[in-house]
Each structure stands twice: as structure tokens, then as C-alpha cells.
Amino acid sequence: MANLILRNVSKAFGTTDVIKSVNLEVSHGEFVVFVGPSGCGKSTLLRLITGLEEVTDGQIIIEDRDVTYLKPSKREVAMVFQSYALFPHLTVAENIGFGLKLSKVPKDEISARVKEVASVLRVENLLARKPRQLSGGQRQRVAIGRSIIRQPKVFLFDEPLSNLDAALRVVMRIEITRLHQNLGATMIYVTHDQTEAMTLADRIVVLNEGRIEQVGSPLKLYENPINRFVAGFIGSPAMNFIKGTIDTDDNKMIARLGPYTMEINKPNLNQGMEIEVGIRPEHIAIVSPEEGILTAEVEIIEKLGVESMLYLKTEASEELLTVRTDPKHTIGTGDRLGLKLPESELHFFDQKGDLV
2 MANLILRNVS
12 KAFGTTDVIK
22 SVNLEVSHGE
32 FVVFVGPSGC
42 GKSTLLRLIT
52 GLEEVTDGQI
62 IIEDRDVTYL
72 KPSKREVAMV
82 FQSYALFPHL
92 TVAENIGFGL
102 KLSKVPKDEI
112 SARVKEVASV
122 LRVENLLARK
132 PRQLSGGQRQ
142 RVAIGRSIIR
152 QPKVFLFDEP
162 LSNLDAALRV
172 VMRIEITRLH
182 QNLGATMIYV
192 THDQTEAMTL
202 ADRIVVLNEG
212 RIEQVGSPLK
222 LYENPINRFV
232 AGFIGSPAMN
242 FIKGTIDTDD
252 NKMIARLGPY
262 TMEINKPNLN
272 QGMEIEVGIR
282 PEHIAIVSPE
292 EGILTAEVEI
302 IEKLGVESML
312 YLKTEASEEL
322 LTVRTDPKHT
332 IGTGDRLGLK
342 LPESELHFFD
352 QKGDLV
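So in the working numbering, the last spot in the sequence shown is 357, and the numbers never skip.
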């Protein structure tokens with residue numbers, strides 16, 4: 002196991018700054034997931050850590066050793082790529098043991114370690130096969146095995162499950178979780194998949210345009226996003242946002258949301274302030290139109306078995322509101338509903354997108 006420290010790490014390609022003064026500390030044995038939209042720099046940051054790209058500025062420290070300008074082979078890290086990158090002419094056993102062979106490790110030791118790793122990944126019955134004879138999940142296990150056998154200080158995963166179908170991704174998420182528990186290794190994982198990030202991570206790092214927006218546990222980021230970007234990016238389906246303004250009426254503070262108003266108790270909001278109110282789909286309460294703060298019309302219903310998603314048209318927002326609800330509801334397309342927005346579940350963001 003090893004800790005990882007990034008100090009003011011930056012990367013520029015020509016005049017384009019891709020990574021902008023990133024600071025991060027990953028503890029021994031921690032599983033950290035990088036998430037963010039396409040082009041945010043998450044894969045580039047991973048390549049800087051592994052040494053496949055050279056930093057423009059800053060320091061990379063692994064197990065208290067400055068590895069900023071060391072070659073990848075000297076950093077004691079292992080990377081699992083999106084494309085499995087297996088040698089098609091080698092067997093599974095030869096692929097797993099390839100790195101040890103390059104390091105001139107004795108054949109008997111290579112054979113013993115290959116069998117040990119194959120047992121951990123449950124591919125011991127596949128050792129004589131070639132990659133073309135394997136399923137996608139089996140190939141990914143072999144690619145992971147090739148990393149494990151080197152006994153690296155840090156494991157790096159670059160969207161390793163994106164080529165797999167939905168059912169196989171679930172299986173491999175469990176496999177990777179089990180692997181982390183068994184090895185107790187420091188792991189950094191890049192993904193654009195919300196479910197992967199929320200289920201795998203000890204901590205999530207949310208990146209945007211080469212900068213870290215927020216770092217925290219999955220639950221912390223979900224419940225307490227620091228700004229609108231994180232609030233909108235973390236969570237599937239995404240948080241609902243409704244634009245409004247702050248006003249007063251009979252000395253009471255109110256939020257005007259389109260033609261609707263709701264009384265709020267938020268001392269740090271000011272008269273005339275333009276805001277966006279955020280609320281998760283599961284926190285919107287469905288009531289009769291007469292009882293609701295907002296009224297809405299059901300436009301689309303997604304029945305997902307364990308739950309249903311309602312997509313609602315309302316005068317409060319140009320965008321459809323998403324409501325997560327019980328699958329046994331009797332609501333139909335075109336129905337008029339009332340909606341309540343519990344203040345305790347609301348997030349208020351200013352025009353800059355900062356949490357108020």
C-alpha cells in the first residue's frame with residue numbers, strides 16, 4: 002500500500018491548460034474515483050500519475066517518494082486501460098506473467114505467481130486460452146491480473162468497464178470491490194458512470210475543466226454539494242433546478258419560482274437576489290393540485306420496476322422536473338399534480354453557481 006500526493010500539479014498542451022494546479026492526497030489503501038464530464042482532465046490526470054504524460058508543473062509523490070520525473074516503470078504503479086491491451090498471440094498465463102518475464106524473474110516464480118493471481122481473479126481454468134477465446138469480462142480480469150502480479154504501490158484504472166454490457170459491468174464492479182478488500186491496495190479509478198463512482202469509491206473527486214470542484218464521500222457529495230456543478234453532476238437522475246428570485250411579502254422571505262411563490266427561512270438570501278433552487282427527485286412530494294406549492298402535468302412515465310420516474314411539465318421551469326416515486330402509483334400521462342418542495346431538502350445557488 003502507498004499514499005499518493007499531488008501538489009499543484011498542472012499540465013498544458015501548448016497554450017491550452019488541461020490540468021490546473023490540482024492538489025490531492027490519497028491515503029494508504031483508499032479507493033478514490035475521478036469523475037467529471039468528457040474533457041474535464043480526469044484521464045490526463047491519471048496519465049500524469051502513471052508517468053505516461055509529463056507534468057508541466059507541480060509534484061507527484063508516491064509513498065513519500067518524489068516520482069514526478071521518474072519513468073513509468075520506476076514509479077511502482079500499474080494501470081488497467083479501457084482497451085484490455087492483451088497480446089493476442091500469448092496465452093492468458095503468458096499475458097499475466099509478461100511483466101515478470103521482462104524483469105527476468107525466474108520461470109518457476111513466474112508460474113507460481115501467475116497461478117496465485119489467477120486464483121484470486123478466478124481465471125485459473127483459462128490459463129491456456131488466447132484472448133480471442135475469452136469473453137469481455139474474462140479479458141478484463143486478465144488485464145487486471147497483469148497489473149496485480151507486479152505488486153504495485155498504486156493501481157490506476159482508466160474506465161475499465163466501459164466496453165462491457167450493463168449486466169457484466171455489475172459483475173465486474175463487485176469483482177473490483179472484492180479485489181480492493183482482499184488486497185487492501187491504494188486504487189484510483191476514472192469513470193463517467195455515476196453508479197460506478199457511487200458504489201466503488203471511498204471518496205469521489207469531481208473534476209471540471211481541469212480543476213477539482215469537490216472531494217468527499219459519495220454520500221457527502223450527494224447530500225451536500227458545494228456548488229451547482231457538483232449538484233447537477235452527482236446523482237442519477239440529476240438534481241432538479243428551478244430559477245427564481247428572492248422577495249419579501251408581509252416581512253416574510255419568499256422565493257418566486259415562475260408564477261409560484263413559497264415562503265422560505267434562509268437568512269443569507271437577500272431581496273432581489275436571483276437564484277436557482279435545487280432539489281433531488283426523491284425529495285419532491287406529490288399532493289393534490291390544491292395542496293401543492295407548484296402544479297405540474299405528467300408528460301412521461303418511466304416504469305423501472307423498483308421505482309418509477311415521472312417527468313413533469315410546470316410553469317416554474319423551462320426544463321421537465323423529475324420525480325422519483327413508488328412503482329405502484331396510479332398516476333397517468335396528462336394527470337395534473339401538486340408538488341411540495343420541503344425546505345430542508347432544498348439547495349440554493351447564486352448566479353455564479355455557488356451554494357448560498
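From the three backbone atoms N, C-alpha and C, an ideal C-beta is built for every residue, glycine too.
Residue i, DSSP secondary structure in three states
{"i": "Leu87", "result": "coil"}
{"i": "Arg281", "result": "coil"}
{"i": "Lys72", "result": "coil"}
{"i": "Glu125", "result": "helix"}
{"i": "Glu303", "result": "strand"}
{"i": "Ala3", "result": "coil"}
{"i": "Arg66", "result": "strand"}
{"i": "His193", "result": "coil"}
{"i": "Met199", "result": "helix"}
{"i": "Asp109", "result": "helix"}
{"i": "Ile61", "result": "strand"}
{"i": "Thr323", "result": "strand"}
{"i": "Met173", "result": "helix"}
{"i": "Val93", "result": "helix"}
Cα-Cα separation, residue i to residue j
{"i": "Lys314", "j": "Glu291", "result": "17 Å"}
{"i": "Gln195", "j": "Asn271", "result": "35 Å"}
{"i": "Lys131", "j": "Asp109", "result": "21 Å"}
{"i": "Ile6", "j": "Thr69", "result": "11 Å"}
{"i": "Lys253", "j": "Glu320", "result": "28 Å"}
{"i": "Thr192", "j": "Met274", "result": "36 Å"}
{"i": "Asn4", "j": "Phe156", "result": "11 Å"}
{"i": "Leu127", "j": "Pro107", "result": "22 Å"}
{"i": "Glu264", "j": "Gly279", "result": "16 Å"}
{"i": "Glu346", "j": "Ala186", "result": "37 Å"}
{"i": "Thr92", "j": "Leu122", "result": "16 Å"}
{"i": "Leu42", "j": "Gly211", "result": "Sequence inspection shows Gly at residue 42; the Leu mentioned does not correspond to that position. Going from the Cα of Gly42 to the Cα of Gly211 covers about 5 Å."}
{"i": "Leu305", "j": "Arg325", "result": "10 Å"}
{"i": "Val307", "j": "Asn164", "result": "26 Å"}
{"i": "Leu160", "j": "Ser84", "result": "Checking the sequence shown, residue 160 turns out to be Glu, not Leu. When rounded, the distance between both Cα atoms is 9 Å."}
{"i": "Ile302", "j": "Leu322", "result": "12 Å"}
{"i": "Ser237", "j": "Gln141", "result": "26 Å"}
{"i": "Ile61", "j": "Gln152", "result": "20 Å"}
{"i": "Ser104", "j": "Lys154", "result": "17 Å"}
{"i": "Asp65", "j": "Leu184", "result": "20 Å"}
{"i": "Phe349", "j": "Pro268", "result": "12 Å"}
{"i": "Pro73", "j": "Ser28", "result": "21 Å"}
{"i": "Thr331", "j": "Glu300", "result": "15 Å"}
Same chain, Cβ closer than 8 Å to residue i, five either side skipped, listed in chain order
{"i": "Ala202", "result": "Phe32, Val33, Val34, Tyr190, Ser218 and Pro219"}
{"i": "Leu222", "result": "Ile205, Val207, Gln215, Val231 and Ile235"}
{"i": "Ser11", "result": "Asp18, Ile20, Lys21, Ser22, Val23, Val56, Thr57, Asp58 and Gly59"}
{"i": "Thr298", "result": "Residue identity check: residue 298 is Glu in the sequence provided, not Thr. Within the same chain, Glu298 has close Cβ partners Leu313, Lys314, Thr315, Gly335, Asp336, Arg337 and Leu338."}
{"i": "His90", "result": "Lys131"}
{"i": "Glu197", "result": "Val34, Leu162, Arg170, Arg174 and Tyr190"}
{"i": "Phe86", "result": "Residue 86 is actually Ala in this sequence, not Phe. So the qualifying residues of the chain are Ala144."}
{"i": "Val288", "result": "Leu338, Gly339, Leu340 and Lys341"}
{"i": "Asn9", "result": "Ser22, Val23, Asn24, Asp58, Gly59 and Gln60"}
Rounded distance between the beta-carbons of residue j and residue i, thought under 8 Å
{"i": "Met240", "j": "Arg179", "result": "Contact doesn't hold; Cβ gap of about 31 Å is too wide."}
{"i": "Ser318", "j": "Ile243", "result": "5 Å"}
{"i": "Arg1", "j": "Thr200", "result": "This structure leaves residue 1 out entirely; the chain is present only between 2 and 357."}
{"i": "Ile97", "j": "Val78", "result": "With 8 Å as the limit, Ile97 and Val78 do not qualify as a contact, their Cβ atoms being about 18 Å apart."}
{"i": "Ala286", "j": "Lys329", "result": "Contact flag wrong, Cβ pair sits at about 17 Å."}
{"i": "Glu344", "j": "Asn228", "result": "Contact flag wrong, Cβ pair sits at about 20 Å."}
{"i": "Gly37", "j": "Asn209", "result": "6 Å"}
{"i": "Leu71", "j": "Gly52", "result": "6 Å"}
{"i": "Gly138", "j": "Val172", "result": "6 Å"}
{"i": "Val81", "j": "Ser136", "result": "No, Val81 and Ser136 are not in contact; Cβ-Cβ is about 17 Å, not under 8 Å."}
{"i": "Arg76", "j": "Ile63", "result": "6 Å"}
{"i": "Leu311", "j": "Tyr261", "result": "Their Cβ separation, rounded to whole angstroms, is 18 Å, which puts Leu311 and Tyr261 out of contact at 8 Å."}
{"i": "Leu25", "j": "Ile213", "result": "7 Å"}
Nonlocal neighbours in the same chain, by C-beta distance under 7 Å from residue i, ignoring five residues either side
{"i": "Arg257", "result": "Gly245, Thr246 and Asp248"}
{"i": "Gly15", "result": "none"}
{"i": "Gly362", "result": "With the chain covering 2 to 357 only, the question about residue 362 has no answer from this structure."}
{"i": "Gly30", "result": "Met2, Gly185, Ala186 and Thr187"}
{"i": "Ala13", "result": "Val19 and Thr57"}
Residues bridged to residue i (per DSSP)
{"i": "Gly245", "result": "Ile276"}
{"i": "Met188", "result": "Phe32 and Phe156"}
{"i": "Phe234", "result": "Partner(s): none; Phe234 has no beta bridge."}
{"i": "Ser218", "result": "BP columns for Ser218 are empty, so no partner."}
{"i": "Ser144", "result": "Position check: residue 144 holds Ala in this sequence, whereas Ser was assumed. DSSP output for Ala144 lists no bridge partner at all."}
{"i": "Lys43", "result": "Partner(s): none; Lys43 has no beta bridge."}
{"i": "Glu26", "result": "Ile6"}
{"i": "Gly339", "result": "Val288 and Thr296"}
{"i": "Arg204", "result": "Val33"}
Contacting residues, own chain, Cβ-Cβ under 6 Å from residue i (five flanking each side not counted)
{"i": "Gln352", "result": "Glu275"}
{"i": "Lys116", "result": "none"}
{"i": "Ile94", "result": "Correcting the residue identity first, residue 94 is Ala in this sequence and not Ile. The residues are Val115 and Leu128."}
{"i": "Gly259", "result": "Glu316 and Ala317"}
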